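**Q**
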Amino acid sequence: MLGHTFVQFIDNVMVGQLGTAELAAISLGNSFIFIAMSVGIGFSTAITPLVAEGDAAKRPEEVKSIFYHGLLWCLVLGLVLFLSVYLSRNLMFSMGQPEEVVELAFPYLKWVAVSLFPLIVFQAFKQFTDGMSLTRYSMYATVLANVVNVLVNYVLIFGKWGFPAWGVTGAAIGTLISRLVMILALIVLIRYHKHLSYYIHGIWQMAYSKIKMRKLFRLGFPSALQMLFEVAFFTSAIWVCGLLGKNEQAANQIALNISSMTFMVAMGLSVAAMIRVGNQKGLGAFVDLRRIAKSVFLLTLLIDIVFAVIFILAKDAFPWFYLESSTAADVVEVATIASSLFLVAAFFQIFDGAQVVALGALRGLQDVIIPTWICFASYGLVGFTTMVYLSLYTPLGAFGVWIGLLSGLVASSLLLYLRFLYQTNKLIRNNGTTT
57 MLGHTFVQFI
67 DNVMVGQLGT
77 AELAAISLGN
87 SFIFIAMSVG
97 IGFSTAITPL
107 VAEGDAAKRP
117 EEVKSIFYHG
127 LLWCLVLGLV
137 LFLSVYLSRN
147 LMFSMGQPEE
157 VVELAFPYLK
167 WVAVSLFPLI
177 VFQAFKQFTD
187 GMSLTRYSMY
197 ATVLANVVNV
207 LVNYVLIFGK
217 WGFPAWGVTG
227 AAIGTLISRL
237 VMILALIVLI
247 RYHKHLSYYI
257 HGIWQMAYSK
267 IKMRKLFRLG
277 FPSALQMLFE
287 VAFFTSAIWV
297 CGLLGKNEQA
307 ANQIALNISS
317 MTFMVAMGLS
327 VAAMIRVGNQ
337 KGLGAFVDLR
347 RIAKSVFLLT
357 LLIDIVFAVI
367 FILAKDAFPW
377 FYLESSTAAD
387 VVEVATIASS
397 LFLVAAFFQI
407 FDGAQVVALG
417 ALRGLQDVII
427 PTWICFASYG
437 LVGFTTMVYL
447 SLYTPLGAFG
457 VWIGLLSGLV
467 ASSLLLYLRF
477 LYQTNKLIRN
487 NGTTT
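For the sequence shown, the working numbering gives the first residue as 57, with consecutive numbering after it.
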């Protein structure tokens, strides 16, 4: 999971050397991309618990059919999301964002929009291998993609080895190339794996099933909405900070980017919870199911406490990873604002980790409807309302934006954990204490 975010991290660090306006442009462009990614990635998570359940129950044909129909969904979604973002680029000019930032973001968004198609198709293969408890293969592919991204960015952003210096556009092309490499690498790894090759061999000859497509939709659509609500919540922080000014927007992007990096550790543990809960559901071992999920909750809590301490101790150093050393007023202001945001980010690490692991465990149970409403209420009603009021109607500014983010995460983490306890208690009560 860290791999997807690391692509954006590399773009931010390298483009940040060009200036604060360029960094803000990356932030604005990615706000559109993240919304589209959330729909595609969220929907694709439906594949994992179904594959995990079928694998635990020793039903290989069922697993292959789920993979095939999940791949069909991701092909369609990848195309739709690419076209949606590509055709909506002009919206940036009517959002009240700084004109300089929009002019830089426009070409960036064009190229990164194209990269959505290979990314979403990659997700089908990734979620399949995750469901088979072989998560390292997607990791290998994303590590390779990130190496490619660094090299291409270096050449195209700064104009090395005879290439023109394309700046922000160079970063976008680097992202596209790295995502093409990523999907090709994973397909090759699956194709030549002695066990996984069975599931990809002859896959296009599989019988089409409306029942399977509907089953994936019923699980995938609410999951997509859950991720969409959260990403839209964080994207709104980018837009609100843009209303405050380009320095606030750049500072927000720095804090958000590093927070996203650490969040991906919890996201990975969420996938582990989803896989193991799906396995135990397939076996009917509901007591073990709850025990395993609680152990993942505890591990996530301990890791996020460590991250919180690091954020507090390094809050003044982190901004300079993205900014060129300078005494210019804009640069100093961005660093100062970002430093204050890391104080809030330290606390929401804990709640962000808790809510994403709870969502993963609930997806493993194939419980998605009520959690979707919890996400909507927490992010849309609690978090966004708090964010807008504190940032635009009090002197808190960008700091108020992050207090709003924290409030939404606190609400969602508590409610989702209570939902998990309710569901597992009901399963154990109705089915006995099978172990």
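Ideal Cβ positions, reconstructed from N, Cα and C, are used throughout, including at glycine.
This structure is a prediction, so every number in the text was calculated from the model and none was measured.
Taking the alpha-carbon positions, what's the F403 to L462 distance?
**A** Roughly 8 angstroms between the two C-alpha positions.
**Q** Is N209 closer than 8 angstroms to G187 when the C-beta atoms are compared?
**A** No.
**Q** Going by beta carbon distance, what residues of the same chain come within less than 8 angstroms of N487, once the five residues before and after it are set aside?
**A** Answer for N487: G340, F342, listed in chain order.
**Q** Measuring CB to CB, does F398 end up less than 8 angstroms from A280?
**A** It is not a contact, given that the beta carbons lie outside the stated cut-off.
**Q** Taking just the CA atoms, how far does I348 sit from I361?
**A** If I take the Cα positions, the gap works out to 20 angstroms.
**Q** What's the gap between the Cα of V424 and the Cα of L74?
**A** If you take the alpha carbons of V424 and L74, they lie about 43 angstroms apart.
**Q** With a cut-off of 8 angstroms, do at least 3 Cβ pairs link the region 426-439 to the region 450-469?
**A** Judged by Cβ distances under 8 angstroms, the region 426-439 makes contact with the region 450-469, as three or more pairs qualify.
**Q** With a 10 Å radius around its C-beta and 16 neighbouring C-beta atoms as the bar for buried, classify N308 as buried or exposed.
**A** Flag for N308 reads buried.
**Q** Using a threshold of 8 angstroms, state whether the C-beta atoms of P163 and V224 are closer than that.
**A** Their beta carbons are under 8 angstroms apart, which means P163 touches V224 by this criterion.
**Q** Identify, in the order they occur along the chain, each residue of the same chain with its Cβ nearer than 8 angstroms to the Cβ of G96, setting aside the five sequence neighbours on each side.
**A** Correct list, in chain order: C130, L133, G134, L137, L172, L175, I176, Q179, A280.
**Q** Tell me the start and end of each unbroken alpha helix (DSSP H) in the region 142-209 that is at least 4 residues and wholly inside, in chain order.
**A** Listed in chain order, the complete alpha helix (DSSP H) runs (minimum 4 residues) inside the region 142-209 are 155-187.
**Q** Between the Cα of S292 and the Cα atoms of T442, L143, L474, which residue gives the shortest distance?
**A** Residue T442 is the option with its Cα nearest to S292.
**Q** Are the beta-carbon atoms belonging to F353 and A410 less than 8 angstroms from one another?
**A** Yes.
**Q** Pick helix, strand or coil for G14, following the three-state DSSP scheme.
**A** Nothing can be reported for residue 14: it is not among the residues displayed for the chain, which extend from 57 to 491.
**Q** Given a cut-off of 8 angstroms, decide if K166 and Y142 are closer than it, judged by their beta-carbon atoms.
**A** Contact: yes.
**Q** For S121, which residues of its own chain have a beta-carbon under 7 angstroms away from its beta-carbon, when the five flanking residues on both sides are left out?
**A** Around S121: M262, S265, K268.
**Q** Which runs of the alpha helix (DSSP H) at least 4 residues long sit entirely within the region 249-324? Give them in chain order.
**A** Complete alpha helix (DSSP H) runs here, min 4: 253-256, 266-300.
**Q** Please name the residue, chosen from L299, G276, A92, that lies closest to L418 on a Cα-to-Cα basis.
**A** The shortest C-alpha separation from L418 is found at G276.
**Q** When you compare the CB positions of P375 and A401, do they come within less than 8 angstroms of one another, or not?
**A** Against a cut-off of 8 angstroms, the Cβ pair of A401 and P375 comes out as no contact.
**Q** What does the alpha-carbon distance come out to for the pair F290 and A92?
**A** Their backbone Cα atoms lie some 13 angstroms apart in a straight line.
**Q** Compute the Euclidean distance between the alpha carbons of A385 and T76, then round it to the nearest angstrom.
**A** Approximately 11 angstroms, taken between the alpha carbons.
**Q** Below 8 angstroms between beta carbons: does that hold for I213 and V71?
**A** In contact: I213 and V71 (Cβ atoms closer than 8 angstroms).
**Q** Do the CB positions of I310 and Y378 come within less than 8 angstroms of each other?
**A** Closer than 8 angstroms, so yes.
**Q** Does the beta-carbon of K302 have 16 or more other beta-carbons within 10 angstroms, so that it is buried, or is it exposed?
**A** Burial call: buried.
**Q** According to the neighbour-count rule (16 or more other Cβ atoms, all chains shown, within 10 Å of its Cβ), is R332 buried or exposed?
**A** Buried, because 16 or more other Cβ atoms sit within 10 Å of the Cβ of R332.
**Q** Are G460 and L300 close, meaning C-beta to C-beta below 8 angstroms?
**A** Their beta carbons are not under 8 angstroms apart, which means G460 does not touch L300 by this criterion.
**Q** With DSSP as the reference, label D344 as helix, strand or coil.
**A** DSSP places D344 in helix when its eight states are reduced to three.
**Q** To which residues of the same chain is K182 closer than 6 angstroms at the C-beta, ignoring the five residues directly before and after it?
**A** For K182, where only same-chain residues beyond five positions count, the Cβ hits under 6 angstroms are S194.
**Q** Are the CB atoms of V296 and V444 within a distance shorter than 8 angstroms?
**A** Yes, they are a contact pair.
**Q** Assign F214 to one of three DSSP states: helix, strand, or coil.
**A** F214 falls in the helix class under three-state DSSP.
**Q** When burial is assigned at 16 or more other CB atoms within 10 Å of the CB, is T491 buried or exposed?
**A** Confidence at T491 is low in this model, with a pLDDT of 47, below 50, so its placement is unreliable and the value that follows should be read with caution. Counting Cβ neighbours within 10 Å, T491 comes out exposed, since fewer than 16 surround it.
**Q** Which one of P220, M238, W217 has the shortest CA to CA distance from N202?
**A** Looking at the Cα atoms, M238 is the closest of the given residues.
**Q** For L354, name the three-state secondary structure that DSSP assigns.
**A** In the structure shown, L354 sits in a helix (DSSP, three-state: H, G or I).
**Q** Which same chain residues, not among the five before or five after A328, have their C-beta less than 7 angstroms away from its C-beta?
**A** Within the same chain, A328 has close Cβ partners V352.
**Q** Measuring straight from C-alpha to C-alpha, what distance separates L448 and G416?
**A** Cα to Cα, L448 sits roughly 34 angstroms from G416.
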